[in-house]
Amino acid sequence: MQLYHHPFDLDSLKVRLALEEKAVDYTSHHVNPITGKNLDSSFFKMNPSGRLPVFQNGSHIIYKTIDIIQYIERIAVVSAGSENISTSGREVIEWMQKIQEWEPKFFTLSHIPDKYRIYVSKFIRRVVIARMSESPELAGAYHRKLREAYQTEEKMKDPDVVKRSEEHLVRLLDEAERQLGETPYLAGQDFTMADVVLIPVLTRLVLLDLEKVYITNRPNIAEYWVLVQQRPSYKKVIGKHFDGWRKHKTLVKTWCFVHIRSLLKRY
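Written out as structure tokens, the structure reads:
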């Protein structure tokens with residue numbers, strides 16, 4: 037089983053947490069979307085949207101995050117051969133879908149300085165054009181990706197787009213806050229795949245230095261956040277890349293790659 041992902045990609049983190057929680061072995065392939073590695077023809081042929089993560093088991097390829105997580109659950113049941121392992125119930129799936137409905141892209145981009153965001157956006161567009169010339173058979177898919185990049189820049193100029201994304205996040209967090217006032221985990225007394233899907237959202241807020249704005253002022257979520265950080269899956273999947281200097285190392289390495297490639301005009 038192969039997983040194409042990146043440590044800072046929100047949906048990738050959800051899938052990796054699920055894999056660790058269910059103790060499913062897989063081969064890891066890092067694909068950095070900021071440097072345009074998701075636009076390489078080999079990856080683009082698997083997933084023409086260029087989005088992460090991609091989960092491959094033999095000839096079976098899955099793109100949607102919740103579909104991947106449910107597939108992982110089924111693998112765990114079959115591998116264990118035990119009736120004690122169950123798949124997610126209705127309440128867990130409802131929470132997963134509710135969290136997944138929030139699109140983090142515009143919210144995240146709105147908290148990145150314009151000069152860096154625009155610089156990377158131009159780099160990505162040039163990568164798309166370069167890959168299009170290298171693989172003309174994928175021209176249609178690359179054209180769609182290029183159009184998507186331009187549309188994103190246009191939408192970022194509309195304050196209502198960012199406002200709607202933030203309002204959606206606040207509603208989601210407020211609902212989670214109410215639920216966590218009743219139960220220690222999102223869907224009850226036990227840690228479930230609903231928590232697996234929520235944790236990376238909180239991680240993104242911390243990465244953007246927004247913990248005080250969205251987490252600390254919600255006491256139930258703040259307590260929950262401390263609790264889930266103690267799990268071995270969190271420490272392996274997230275803590276390894278986000279704690280202390282490691283976070284800055286990954287970001288600096290990515291920025292240097294983009295800057296040098298731009299200077300050399302090698303896309």
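Numbering-wise, the sequence shown is residues 37 to 303 according to the working numbering. We put the CB at the ideal spot given by N, CA and C, even for glycine. Owing to the predicted nature of the structure, the values given are computational and were not obtained by experimental measurement.
By the C-beta criterion, the stretch 45-53 is judged to be in contact with the stretch 219-239, since at least 3 inter-stretch pairs fall below 8 Å.
Residue R254 holds the alpha-carbon nearest to the alpha-carbon of V206 among V294, Y99, G125, R254.
In the structure shown, S64 falls within a strand segment according to DSSP collapsed to helix, strand and coil. For E202, the CB contacts under 7 Å within the same chain, skipping 5 residues up- and downstream, are F143 in chain order.
When beta bridges are read from the DSSP output, H96 appears opposite N93.
Between the stretch 257-275 and the stretch 82-95, the count of C-beta pairs closer than 8 Å stays below three; the two stretches do not touch. Between N256 and E213, the C-beta gap is smaller than 7 Å, which places the two residues in contact. Judged by DSSP secondary structure, H284 falls within the alpha helix (DSSP H) whose first and last residues are 281-300.
The closest CA to that of I104, considering only M37, S115, L145, is found on M37.
Looking at L174, Y152, A185, L145, the one whose alpha-carbon comes closest to that of R162 is A185. The C-beta distance from K276 to R282 rounds to 7 Å, short enough to meet the 8 Å contact threshold.
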